[in-house]
Amino acid sequence: MLILGIESSCDETAAAVVEDACRIRSSVVASQMAHGKYGGVVPELASREHLRAIVPVVREAMSRAGREFGDLDAVAATEGPGLVGSLLVGLTFAKSLCFVHRKPLIAVNHIEGHIHAVIMEARQEGRAVEFPALALVASGGHTHLFEVAPDFRYRLLGRTRDDAAGEAFDKVAKLLGYSYPGGPVLDRLAPHGDPHGVRFTMAKMKGNPLDFSFSGIKTAVLRWVEQRGMSAEIDARRVLARGDQPVTTEQWIAVTPQATLDLIASFQHTVVSELLKRTVSAAEQISARSVIISGGVACNSGLRAAARSADFCAPVWFPSPALSTDNAAMIAAAAFPKLARGETAGWDLRAKANLVLA
Amino acid sequence: MTYTTQSEEETIELGRLLAREVLPPRGVVLLSGNLGAGKTALTKGIAEGRGAASVEEVSSPTFTLIHEYGDPPRVYHVDLYRLETPAQAATLGLEELMDRDALTVIEWGERFPELWPADAVWIRIEQAGGDQRIFRIAAANAS
Chain A
109 MLILGIESSC DETAAAVVED ACRIRSSVVA SQMAHGKYGG VVPELASREH LRAIVPVVRE
169 AMSRAGREFG DLDAVAATEG PGLVGSLLVG LTFAKSLCFV HRKPLIAVNH IEGHIHAVIM
229 EARQEGRAVE FPALALVASG GHTHLFEVAP DFRYRLLGRT RDDAAGEAFD KVAKLLGYSY
289 PGGPVLDRLA PHGDPHGVRF TMAKMKGNPL DFSFSGIKTA VLRWVEQRGM SAEIDARRVL
349 ARGDQPVTTE QWIAVTPQAT LDLIASFQHT VVSELLKRTV SAAEQISARS VIISGGVACN
409 SGLRAAARSA DFCAPVWFPS PALSTDNAAM IAAAAFPKLA RGETAGWDLR AKANLVLA
Chain B
686 MTYTTQSEEE TIELGRLLAR EVLPPRGVVL LSGNLGAGKT ALTKGIAEGR GAASVEEVSS
746 PTFTLIHEYG DPPRVYHVDL YRLETPAQAA TLGLEELMDR DALTVIEWGE RFPELWPADA
806 VWIRIEQAGG DQRIFRIAAA NAS
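One line per chain: the protein sequences are A and B, in this order.
Using my numbering, you'd call the opening residue of the first sequence number 109 and step up by one each time.
Using my numbering, you'd call the opening residue of the second sequence number 686 and step up by one each time.
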């Protein structure tokens, strides 16, 4: 079975060909394509950008896979959540392909894709994620905890009330003068600071104890910075961030005093602890037989290290870095069980900005 | 008009009040204030006050840029924080949203003043120490 997946829910235009729910024949993400044309630092946010990229990206995915459209068993596209204008580009292109080549169309939830990225990679290694699974999906736009049943039905257990985890990383990085998105920069600097150097008290929340809140810690970092008059060091970093060359960790450290490194380490430690505390407790609550941690924040090495030593009741699975961030292989992977169940979409399929998984 | 709140809960309640009694049925509301000022919290109240979403359903649209609440949408929640140029903001199709029969609440809109209609409502949020927040509400052309 061969499925072409198309993803255009937010910044990335992506296409991938996946065989038998485990072999990635190709996976193309526009911003990572060679020759620089789509490789700018500006987010591919507008539907116009997706429109420009969709044809070359799909063509590249098919050609790298060495397959023709006629070889496909289905075409899958992200129906939501995301920007309607951006989603529509991928969905409409997928519909057109299905109409012309008489293939079934499959609608996939973007967040479900992140979960399937991990299940697909486990299959590649000849291993199996066991169910029920507990899934933490954490990225710039989402922070959710789901119970995943063997038939890929989902139950929402917790989510962020305000900022997503990845958003907190990016905003803290930006206010400290690092380039945006700065989550990866903070991750590289955190090992150079003391994770207990600055103490953040997380407010007790009413309601669902599995919900997250990251707005408070972002504001706490801002206050810390304001109280210490850090504008000179922040300006030095902004100058470095504006340059044309990628900045190395050593260059960042040269313009980051130890107190700021301690702040960064403490911030990362606190966010990671908040994520893992609830993930551990949700996994116990549902007697999970495996734990999936996916989404862009799953790239964070502090999170990976802490998850390995956390007290989980079941094995923890992370995606590889390329499948952590937005991609289309995960969309194709999520489509296989739907195709098997005959869950195909009609021509009236609409983009759904607020689509929920559960 | 000026309001003061002492906690996040009070900010959400102010949002409900504004949605019911102060804000126009449709049009643009611009929220300005530093990180952590309470822009998303106020929007939680506004969306709930308009019957578009519950407080829990409203989260930050920084990465996703636009959240829609209600079916059909009665509140659009837009966040321009990570955009750098007016050209980027202009490609989001905001004019189309602003034409709809809904309230469009925009965070970080003050960075692109040329994009907003003359009848937009501005809500400026000041942090007055601790959890206290001061909300100043004005029509754009009066500010």
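Using N, Cα and C, we set each Cβ at its ideal position, and we do this for glycine too.
Tell me where the alpha helix (DSSP H) around A/Trp360 begins and ends. 357-362
Name, going along the chain, the residues of the segment 261-287 of chain A whose beta-carbon falls closer than 8 Å to a beta-carbon of chain B. If the cut-off is 8 Å between Cβ atoms, the segment 261-287 of chain A has Arg267, Thr268, Arg269, Asp270, Asp271, Ala272, Gly274, Glu275, Asp278, Lys279, Leu283 near chain B.
Going by alpha carbons, who is nearest to A/Leu447 out of A/Val192, A/Ala185, A/Val166, A/Arg167? A/Ala185
Rounded to whole angstroms, what is the Cα-Cα separation between A/Lys314 and B/Ser739? Straight across, the Cα-Cα distance linking A/Lys314 with B/Ser739 is about 15 Å.
Measure the Cβ-Cβ separation of A/Val216 and A/Ile227 and say whether it is below 8 Å. A/Val216 places its beta carbon 8 Å or farther from that of A/Ile227.
Can you tell which of A/Arg346, A/Val379, A/Pro212 has the C-alpha that lies nearest to the C-alpha of A/Thr364? A/Arg346
Span separating the alpha-carbon of B/Glu799 from that of B/Glu753: 23 Å
Along the chain, where does the alpha helix (DSSP H) containing A/Phe260 start, and where does it finish? Per DSSP, A/Phe260 belongs to no alpha helix (DSSP H) and is neither H nor E.
Should A/Ala225 and A/Ala441 be called a contact, given that it needs their Cβ atoms to be closer than 8 Å? yes
How is the alpha helix (DSSP H) around A/Trp332 delimited, first residue to last? 323-335
Decide if A/Phe322 is buried, meaning its Cβ has at least 16 other Cβ atoms within 10 Å, or exposed. buried
Among all the DSSP beta bridges, which residues are the ones paired with B/Asp812? One detail in the question is off: residue 812 of chain B reads as Gln in this sequence, not Asp. Partner(s): B/Arg818.
For A/Cys118, which residues from the same chain have a beta carbon less than 6 Å from its beta carbon, with the 5 sequence-adjacent residues on both sides left out? Gly190
Decide if A/Met109 is buried, meaning its Cβ has at least 16 other Cβ atoms within 10 Å, or exposed. Around the beta carbon of A/Met109, a 10 Å sphere encloses fewer than 16 other beta carbons of the protein chains shown; the residue is thus reported as exposed.
Nearest to A/Glu120 by CA position, among A/Asp419, A/Ala430, A/Thr356, is which residue? It is A/Ala430.
Can you list, in chain order, the residues of the segment 700-720 of chain B whose Cβ is nearer than 9 Å to any Cβ on chain A? Residues of the segment 700-720 of chain B with a C-beta atom less than 9 Å from some C-beta of chain A are Asn719, Leu720, listed in chain order.
Please determine if the segment 386-405 of chain A and the segment 355-364 of chain A are in contact, where contact requires at least 3 C-beta pairs separated by less than 8 Å. no
Can you give me the C-alpha to C-alpha distance between B/Ala803 and B/Thr690, rounded to a whole angstrom? A straight line joining the alpha-carbon of B/Ala803 with that of B/Thr690 spans about 28 Å.
Could you tell me whether the Cβ atoms of A/Ile223 and A/Val245 are closer together than 8 Å? yes
Verify the CB distance criterion: does A/Ala156 have a CB-CB separation below 8 Å to chain B? Strictly speaking, residue 156 of chain A in this sequence is Arg, with Ala absent from that position. Taking Cβ atoms only, chain B reaches closer than 8 Å to A/Arg156, which makes this a yes.
Under DSSP, the alpha helix (DSSP H) around A/Gly188 begins and ends at which residues? Here A/Gly188 belongs to no alpha helix (DSSP H); instead the beta strand (DSSP E) covers 182-188.
Whose C-beta lies closer than 7 Å to the C-beta of B/Glu839 among residues of the same chain, with five residues either side of it excluded? There is no way to answer for residue 839 of chain B, as the model of chain B reaches only from 686 to 828.
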